[in-house]
Amino acid sequence: MPATAPPDTAVPGTAAPVPPPKTGGTGADPRRRATRRRRLIAGLFLLPALLLLGALVAYPILFTVGRSFFDAGGTRFVGGENYAEMFRDPATLTAIRNSTIWVVVAPVLLTGLGLVLAVLTEKIRWATAFKLLMFMPMAISFLAAGIIFRVVYEQDPERGVLNAAAVGVHDSFDQGASFPTARPRPGQGLTKQQDGSYRTAPDLGPGSTAALGLVGVPPKDLPRQAKPAQAAASAKASGGELRGVVYVDFTPGGGGKPGRVDPAERGLPGMTVEAVRGGTVAAKATTAADGSYRLTGLKPGSYALRLPAADFAEPYQGVAWLGPALVTPAIIGAYLWIWTGFAMVLIGAGLAALPREVLEAARMDGASEGQIFRRITVPLLAPVLTVVFVTMVINVMKVFDLVYIIAPGPVQQEANVLAMQMWLVSFGGGNNQGLGSALGVLLLLLVVPAMVFNIRRFRRSQS
208 MPATAPPDTA VPGTAAPVPP PKTGGTGADP RRRATRRRRL IAGLFLLPAL
258 LLLGALVAYP ILFTVGRSFF DAGGTRFVGG ENYAEMFRDP ATLTAIRNST
308 IWVVVAPVLL TGLGLVLAVL TEKIRWATAF KLLMFMPMAI SFLAAGIIFR
358 VVYEQDPERG VLNAAAVGVH DSFDQGASFP TARPRPGQGL TKQQDGSYRT
408 APDLGPGSTA ALGLVGVPPK DLPRQAKPAQ AAASAKASGG ELRGVVYVDF
458 TPGGGGKPGR VDPAERGLPG MTVEAVRGGT VAAKATTAAD GSYRLTGLKP
508 GSYALRLPAA DFAEPYQGVA WLGPALVTPA IIGAYLWIWT GFAMVLIGAG
558 LAALPREVLE AARMDGASEG QIFRRITVPL LAPVLTVVFV TMVINVMKVF
608 DLVYIIAPGP VQQEANVLAM QMWLVSFGGG NNQGLGSALG VLLLLLVVPA
658 MVFNIRRFRR SQS
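The numbering used here applies: residue 208 is where the sequence shown begins, and numbers increase by one.
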């Protein structure tokens with residue numbers, strides 16, 4: 208019987224046998240060991256970030272949710288009472304209304320402005336410099352931006368830039384002057400009417416002259432073009448003309464006589480003088496630089512001279528940008544100034560990635576620039592526009608510092624938003640951290656859907 212070769216011994220002329228694979232215990236697959244090693248190293252590197260994320264994000268969220276079910280002192284469980292109180296509080300309802308305005312208006316305007324500026328920037332030579340100028344407000348803190356716009360929106364035209372421009376435009380079309388502190392001397396023939404105007408007795412006819420003296424006008428309030436007043440020369444009655452002068456009946460340093468035009472007294476230019484008979488204005492004139500006026504075309508009869516209330520009204524001071532009606536739109540305008548550059552640059556990056564052959568093909572087919580913008584550029588930029596819009600929605604839900612700095616104290620409640628209401632209730636004097644925590648939970652619930660939508664968009668774009 209021939210001897211058999213050992214299992215590990217190769218028979219001459221045949222292939223060497225393949226040893227069976229090792230299995231079990233210590234002989235694990237090297238690939239699995241390498242995978243475990245990589246995961247362990249990645250976990251070690253992620254551990255500090257996860258600890259910080261848990262300490263600074265997860266734990267505060269869970270604590271805030273739990274704290275919202277307790278009273279102001281945090282000692283008594285009140286269940287959903289804070290959430291019910293939140294929707295009964297008029298200040299919170301105002302904050303919800305204003306936050307809704309922010310969410311609806313600001314992201315739409317930002318996305319639209321960013322899109323228009325990004326498209327127009329491609330048509331100019333100094334596109335990079337323009338983008339730099341538009342993006343510069345992003346380098347300014349919200350605190351500094353709020354202080355800047357608090358001055359820009361100042362009611363006093365001497366300080367507020369917008370009202371200085373508004374007053375300049377208004378005065379260029381309305382050349383009338385007003386002297387709110389002016390008043391006649393007692394017993395000089397001018398009596399005040401219920402509507403704020405001053406009127407003489409109806410005993411003047413064509414050919415008469417009337418000097419209407421006023422006091423109470425400080426020298427600093429006199430216009431620069433005001434000249435020394437001159438007594439009016441007599442006019443012919445046949446000409447249907449009535450002359451006179453409106454002047455400051457006060458001589459600096461003393462020495463003048465009341466009711467008489469003295470050499471050192473100045474006229475009041477730009478005032479309206481009306482000749483009235485039977486409740487109807489028969490003639491109207493505006494005083495010259497020396498205060499003189501001429502009422503012409505008068506028929507024979509008696510007339511009363513009237514200085515209308517507009518002559519004594521406060522001068523136009525511009526728009527109350529920080530009043531109750533406009534404070535929220537004004538703050539949104541400051542927010543647009545800061546973030547428009549960000550939207551423009553982000554949309555411009557998407558615009559640069561568009562296939563140029565599609566745009567050129569549309570132009571060769573005869574499409575106008577408006578058609579290309581509406582039917583090609585905007586649809587192709589839809590993913591970028593969506594990201595910008597959703598990012599701005601998340602941002603405006605958290606706006607706080609601009610509202611707190613720009614809105615004056617008396618109208619701060621009119622501009623209130625959820626983030627500021629949460630701070631006011633918790634730390635700004637309310638000292639009710641239970642209600643403040645409930646507001647924080649509400650704000651989180653409003654922001655989470657937008658964040659989830661944005662994350663899904665990013666994942667979809669990466670895949």
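C-beta atoms are modelled at their ideal positions from N, C-alpha and C, and glycine is treated no differently. Predicted, not measured: the structure shown is a model, and the values here were computed from it.
**OP:** Assign residue 360 to one of two classes, buried (16 or more other C-beta atoms within 10 Å of its C-beta) or exposed (fewer than that).
**Re:** buried
Subject >> Between the CA atoms of residue 496 and residue 313 - distance to the nearest angstrom >> reply: 49 Å
Original post:
Using DSSP with H/G/I as helix, E/B as strand and the rest coil, what is residue 197?
Top reply: Outside the displayed span of the chain (208 to 670) sits residue 197, for which this structure offers no information.
Original post:
Under the rule that 16 or more other beta-carbon atoms within 10 Å means buried, what is residue 536, buried or exposed?
Top reply: exposed
Subject >> Beta-carbon gap between residue 458 and residue 474 smaller than 9 Å >> reply: no
**OP:** Assign residue 232 to buried or exposed, taking buried as 16 or more other Cβ atoms, counted over all protein chains shown, within 10 Å of its Cβ.
**Re:** In this prediction, residue 232 scores a pLDDT of 49, lower than 50, which makes its location untrustworthy; the coordinate-derived value is nonetheless stated afterwards. By the neighbour-count rule (16 or more Cβ atoms within 10 Å), residue 232 is not buried but exposed.
**OP:** Whole angstroms is fine: what's the gap from residue 410's alpha carbon to residue 506's?
**Re:** 14 Å
Subject >> Backbone secondary structure at residue 277 - three-state DSSP >> reply: strand
Original post:
How far does the alpha helix (DSSP H) with residue 319 in it reach, from first residue to last?
Top reply: 297-328
Original post:
Any contact of the stretch 618-625 with the stretch 286-305, i.e. 3+ C-beta pairs under 8 Å?
Top reply: yes
Original post:
Distance, Cα to Cα, residue 272 vs residue 648?
Top reply: 6 Å
Subject >> Residue burial classification, residue 266 (beta-carbon count within 10 angstroms, cutoff 16) >> reply: exposed
Subject >> residue 629 to residue 249 span [Cα, whole Å] >> reply: 39 Å
**OP:** Report yes if the CB atom of residue 369 is closer than 9 Å to the CB atom of residue 530, and no otherwise.
**Re:** Residue 369 is not a Cβ neighbour of residue 530, given a cutoff of 9 Å.
**OP:** Pick out whichever of 238, 499 and 651 has its Cα sitting closest to the Cα of residue 477.
**Re:** 499
Subject >> Coil, strand or helix - residue 201 by DSSP >> reply: Outside the shown range of the chain, which is 208 to 670, sits residue 201, and nothing can be said about it.
**OP:** Measure the C-alpha to C-alpha separation of residue 671 and residue 611 and round it to an integer number of angstroms.
**Re:** Absent from the model: residue 671. The displayed extent of the chain is 208 to 670, so no value can be given.
Subject >> Where the alpha helix (DSSP H) through residue 671 begins and ends >> reply: With the chain covering only 208 through 670, there is no way to say anything about residue 671.
Original post:
Ordered along the chain, which non-local residues of its own chain (more than five positions away) have a Cβ less than 7 Å from that of residue 565?
Top reply: Around residue 565: 583.
Original post:
When DSSP labels each residue in this structure, what does residue 660 get in the three-state scheme?
Top reply: helix
**OP:** For residue 340, count neighbouring Cβ atoms within 10 angstroms of its own Cβ and tell me buried if that reaches 16, exposed if not.
**Re:** Exposed is the call here.
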